[in-house]
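Here is the structure we will look at, set down as structure tokens.
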Amino acid sequence: MFIETKDLKKSYGEGGSFVQVLKGVSIKIEKGEMCVIQGTSGSGKSTLLNCIGGLDTIDSGTVSVAGTFIERLKGEKLSDYRRDNLGFIFQFYNLVPNLTVRENIQVCEYLTKDPLNIDELIEVLGLTEHQYKFPSQLSGGQQQRCAIARALVKNPKVLLCDEPTGALDSKTSRDILVLLEKINRQYGTTMLIVTHNNSIKNMVDHVIYIKDGEISKDYINETKVPASELEDL
Amino acid sequence: MGWILFKRSLRDLKAGFARYVALSLLIIFSIHIVVSLMGAAITIIDCTESSDSELCREDGEFSVFVPLRDSELSSITDKGVSVEKMFFFDHPVDGDKILRVFKVRESINKISLVKGSMPSSDDEAVIERRYSEVNDINVGDKVKLDGKEFTVSGIGVTPDYNTVIKKVTDAVVDSRYFGLIFVTPKAYDELYAKGENLSSEEYYYAYLLNGKMSSEDLKSILEDIKFDVGDTNDEYFKEYWERMTKRKDDLLEGIDKLKDGAKELADGAKELSDGSKELSDGTGKLKDKMPDLKKGIKKLDDAAGKFEKGVKEYTNGVGKVASGASSLSKGAKQLSDGTKKLNTGAKKYGTGMDQFAGSVDKMTKSDYPYVAGVAKQLSDPANQLNGGYKQIQNGISGVNSGAAALSSGAAKFFEGVKKLNSAGKSLSDGASAMHKGTTELRKGADKLSDGVKELYDGTVKLKDGAKELADGAKEYADGVKEFSDKANDMVDEVFNIETSNLMVFLEHDVNPRIDSAADDVQINLSASIIFGILLVMLFAYVISVFIVHMIDQESSVIGALYSMGMKRRTLIFSYVSVPVIVAFISGLIGTLIAIFTPIGIPSQMEDSLGYFSMPEMQVKITPFLLIYGLVIPPVTAFIVNVLVIRKRLKKTPLSLLKNEQKAVRGRDIKIKGLKFISMFRLRQFLREIRAGLTVIFGLFMSLLVALMALNTYVYCNKVKDYYTSQTKYEYMYNYKYPTEEVPEGGYEAVAEGLQKEIYGYTFDVTVLGITKDNPFFDTGDLPDNDTDVVVSSAVAIKYDLKVGDVFTLTGENGDRMYAFRVSKIIDFSASMMVFMDIDRTRKLFRESDDYFNCVFSDHKLDIDGGRLFSTVSKSDIARSSGVYVDMMGPMVITMSVASSVIFLVVMYLMVKMMIDRSSFNISLVKIFGFRNKEVRKMYLDGNFYTIVIGALITIPLCKWIMDYIYPRYLVSNVGVGISPTFTPEMYLIIFLVIIGLYLIINFVLTGRIKRINPAEVLKNRE
């Protein structure tokens, strides 16, 4: 299994403010799969993503990605794990404000010895005419495409997307999802998308529902539709 | 990636240009000031050292009464020591000026020409630099000395007159009135021969030891060189010599008297020995006779006992007699009284008998015969009865008379016996006392006998002791005779010191004329190092605040990069690069300005060049300067940034993504009862407490610098004011050869220069013995013992002494220590003085009863100049005290301006950062409808209280710190004891300046608040 969590538990706070966010989550995701993790606000979906991405520590259980048990990693090794395996896409892009689109992508190009071709990536993502613009000169969709390009340039094995369309309008959201679908097809990148958007589940291979820190549904989507045909985004 | 992130940094630099420019200005300004101060100090110190070496600065100098003979000179030079004549005389110029005339030097203390050339002819001369500058003399000008005109061929300096003072005891340079001139040997001799000089020629020699011997060795050799008193032309010395030789005669006379006295003592001791023998013999005899004496006394005692007993018996008898006499007297008196009554009764009886006889007679003549007959019969017995009665009456009368006599006699007898009885009692008491006395005498005789025995033993010992004394006294007399012979030799030897030709021996390191510029700038060097450290700390802190602000702003971006595997090291270097570059470039610019422009090191050197006589100096660029200017700023920026960033980037990527802020204790306090604006300001203050503290820290640093300058200003001004106002005498004459009589109108004093060390420097403290009527020092009654002294406030402040403290002073040669106790401190800052009664001072320093070496007066006295070491007038003091203000003025201004600029920049940077950080909130409140004025009140005016509170804390704190640092590190080499206390007005002015500077910044940044566009900020946020 490419990504696997077993009995993953995560809590925050102590005493009166103690919250058990993940209550023994176990999931399995195949390599090259597009997987959506859905749930209401506070259900623990972002926490699960952060645990898989090595951004957050876990209380118990295991998380393995591409054969690496990340709960055993610390410090530099954790950084190396993220550098070698992961790409992140955030709801609010988090681009370096005083770097151009191209430069923002170049920042991550240097994190790997075998990066993707930036020009090609820029073209694929439709950023050619914006590549010398600064984030503040771009629309939300363009900024998110830049963020995707930045995440993809190092050719990660896994792309972790936290509400990638959360800040975008319907049309732009669709464009971004089409792009992600295209990347998945083109580069075989395993994708884990956290969203509360109910339509996105229709375009992916694997759907996981999480409710109150527990997996409520986990199934393979046999009837997936292309992102371009998604409705109610 | 590094390059890409570096690009980001460069764009950040561009975006925050104003901020970086301000930061850069702060660093440039700081580095410029520090490197200038430091560079000037280092240049002067280094150049002094190198010019000393190049010009062969003397290792020391000495003067002699008469010039050394060639053979005497050879005795020194043959040992490898170089010696060159530095003879000079002072010559009047233009009435009130003096030029000290020297021959051009050959190998020691060579002239360094600033302009022109050395004299090539006998009518050319080189003028000392400071004199030429102050008196506007240039190469080619003419200088007239005693009618002889010299053309100025050059202007130069010499290392032995770095400080051009007339006498080594002079306090201050006054180049307008005193300078040096160097002429050819021939011109020198001709000029001196004219005799129009102010003083006789002084025979000074400069020496270089060349490592061949020590100064002590040389001094010892020189002391052994004798001279004939007749060779000297100094009449005052001759007079002094006569007085000294008179003392020698007195001493020799005293030794002779001692010898005679010792002989007399030996004779007396012999007589004493003989007398003791006689005494011993006599006492022996006395001892032998003592038993007889005791026996006699025993007999006497026994007799006295018997006598006492007899007297007692006698007195008892007399007592009884007295008792009988008393009874007799009483009986006699009763008898007398009875006879008196008998006599009276007899008289009455007689009268009755007469009447009866008369009646009988009448009856005889009665017509009645019977009657007559009877009567006739009765007539005869009546007559017989009457006759008998007459006889009885006569008898009674005799008895009566006898009884009266008996009574009177008995009374007298009784009185006599009473007296006898009384005397008997006294006799009895006396006999008892006598007996008691004889008994005591007997006991005393026993003791006397013992005492005589002891006396005898004692006299035997006395006899032996006296004999020994006599023998010892004889030996003593012989010893004294021997001593006398040797003492005569010794006195000759002691007084022979005065016949040593050596007059003055001064090593270069204690010569105030030499290397004084280098010593003086040590203060600047210390100040600049402290200043430099403070500034580096300040800008490091400012940078750290920026970085924290920047990381907080970019937290989510950093988190994103982090989450994709970017390492902390990479990010650290990215964030560090710009501050480091800015710090480096700013440091470079500051250093370049300091080194290569006139407003840098050269301007800081002007103070010294305007006072000391120094050669041309090229700015010295030492590794230390370059390290401070070029390395320390970027390295500091790097270290501070790395430390701050590392701490911030230790957060997890998630924490950074969420921009989680650590809860700061105290920020969550509940605020109740305040109006909205006040509550908001308080919240804003708590939120920006770090920036607020930075402003206060900046204020603190700036104030330290400002107070360093202001302390100097106050210090120098107090020197100027106090020296003039507290000097009450008009003239002080220090004698080289004191007279016997005090000049009329003068108040004599004994001044003895002692020394005391503090903070690594040793200063002269003058013990001044003054007369009670001296009107120039308000000492009140001087202590009447040898240890208590009155000290001037200069001494008390310099050495931190209080009343009751005990302190010690060391003699000039360090060979003797004097301990004193402070009994009173008087307000006198003009000199470091310890006041004593003149007689006690003379006694303390073993001077004669009429000795004095200093005279004060309120008018000029007629004293021959050759007799004096120096004359100090009040006008000299006033003039010299003002020099400090002139010298330190530029530094005070520079530092005051620097501190203001630093404070302005720091405050601007921090307040601007606060506004930047709050820009989103400001835009929000604008959207809510707050007006610009209200926004300013909420976000800007709250800083006013920060500044006020900060000023109220930092002003006294900085003053306290600076008052601690100042005497220890900044004026530790200055022999002045003045407290740089501020007046309340000064504190108020400092406070108002701070508020004024704040208002300037407030005004500038109000515009920035106005320019914040709500929509734009919201867009950026989205």
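If you read the sequences in order, they're chains P and B. Residue numbering for the first sequence follows the numbering used here, beginning at 1 and increasing consecutively. Residue numbering for the second sequence follows the numbering used here, beginning at 10001 and increasing consecutively. Backbone N, C-alpha and C fix where the C-beta goes; we use that ideal spot for every residue, glycine too. Remember, it's a predicted structure, so these values are computed and weren't measured experimentally.
- Straight through space, the alpha carbons of Met-10836 of chain B and Val-10790 of chain B are spaced by roughly 7 Å.
- One Cα belongs to Ser-10848 of chain B, the other to Asp-10862 of chain B, and the distance between them is close to 24 Å.
- Contact between Lys-10874 of chain B and Thr-10727 of chain B holds: CB atoms are separated by about 5 Å, below the 8 Å threshold.
- Annotation for Gln-137 of chain P: no beta strand (DSSP E) segment contains it, and DSSP assigns it neither H nor E.
- B:Asn-10316 is the residue among B:Met-10503, B:Asp-10552 and B:Asn-10316 whose C-alpha sits nearest the C-alpha of Ala-10423 of chain B.
- Inter-residue distance for Lys-10 of chain P and Ser-10923 of chain B is about 39 Å (C-alpha atoms, whole angstroms).
- Following the DSSP letters along the chain, one finds Val-10035 of chain B inside the alpha helix (DSSP H) bounded by residues 10017 to 10054.
- Pro-10775 of chain B sits in coil when the DSSP states are folded into three classes, being neither helix nor strand.
- Judged by DSSP secondary structure, Phe-10584 of chain B falls within the alpha helix (DSSP H) whose first and last residues are 10568 to 10596.
- Of all residues in the segment 9 to 35 of chain P, none is placed with a Cβ closer than 7 Å to any Cβ belonging to chain B.
- The shortest CA-to-CA distance from Pro-10598 of chain B to any of B:Gly-10039, B:Asp-10519 and B:Tyr-10020 is the one to B:Gly-10039.
- Chain-ordered, the chain B residues with CB closer than 8 Å to the CB of Gly-87 of chain P read Met-10564.
- Neighbourhood of Gln-91 of chain P in chain B, by CB distance below 9 Å: empty, with the nearest CB roughly 10 Å away.
- Residues of chain B whose Cβ lies closer than 7 Å to the Cβ of Arg-82 of chain P are, in chain order, Ser-10563, Met-10564 and Gly-10565.
- Under DSSP, Gly-10154 of chain B shares a beta bridge with B:Gly-10116 and B:Val-10126.
- With respect to Ile-11012 of chain B, Leu-10940 of chain B sits apart: the two C-beta atoms are not nearer than 8 Å.
- Under the three-state reduction of DSSP output, Met-10086 of chain B falls in the coil class, being neither helix nor strand.
- Around the beta carbon of Pro-10369 of chain B, fewer than 16 other beta carbons sit within 10 angstroms, so the residue counts as exposed.
- Note on geometry: alpha-carbon atoms of Tyr-10575 of chain B and Thr-10591 of chain B lie some 25 Å from one another.
- Within 10 angstroms of the beta-carbon of Ser-10214 of chain B lie fewer than 16 other beta-carbons, which makes it exposed.
- C-alpha of Asp-10070 of chain B to C-alpha of Ser-10823 of chain B: approximately 55 Å in a straight line.
- Cβ-Cβ separation between Ala-10709 of chain B and Met-10895 of chain B: approximately 3 Å, consistent with a contact (criterion under 8 Å).
- Listed by position along chain P, the residues whose Cβ is nearer than 9 Å to that of Thr-10652 of chain B are Leu-55, Asp-56 and Thr-57.
- For Leu-160 of chain P, the enclosing beta strand (DSSP E) stretches over residues 158 to 162.
- Boundaries of the beta strand (DSSP E) around Val-10790 of chain B: 10788 to 10792.
- Residues of chain P with a Cβ closer than 7 Å to the Cβ of Arg-10008 of chain B are, in chain order, Val-96, Asn-98 and Leu-99.
- The Cβ of Ser-10577 of chain B sits no closer than 8 Å to any Cβ of chain P.
- Under DSSP, Pro-10092 of chain B shares a beta bridge with B:Ile-10098.
- Not a single C-beta of chain B is nearer than 8 Å to the C-beta of Gln-137 of chain P.
- Sequence-distant Cβ neighbours of Asn-10138 of chain B in its own chain, meaning closer than 8 Å and more than five residues away, are Lys-10115, Ser-10132, Val-10152 and Ile-10155.
- Exclusion of the five residues before and after Lys-31 of chain P leaves Phe-2 and Thr-190 as the residues of its chain whose Cβ lies within less than 6 Å of its Cβ.
- Taking C-alpha positions only, Asp-10274 of chain B is separated from Lys-10257 of chain B by approximately 26 Å.
- For the pair Cys-10716 of chain B and Leu-10682 of chain B, the Cα-to-Cα distance works out to about 43 Å.
- Around the beta carbon of Asn-117 of chain P, a 10 Å sphere encloses fewer than 16 other beta carbons of the protein chains shown; the residue is thus reported as exposed.
- Residue range 10761 to 10770 is occupied by the beta strand (DSSP E) that includes Asp-10764 of chain B.
- When C-alpha distances from Lys-10194 of chain B are compared across B:His-10091, B:Ala-10125, B:Gly-10282 and B:Lys-10443, the shortest belongs to B:His-10091.
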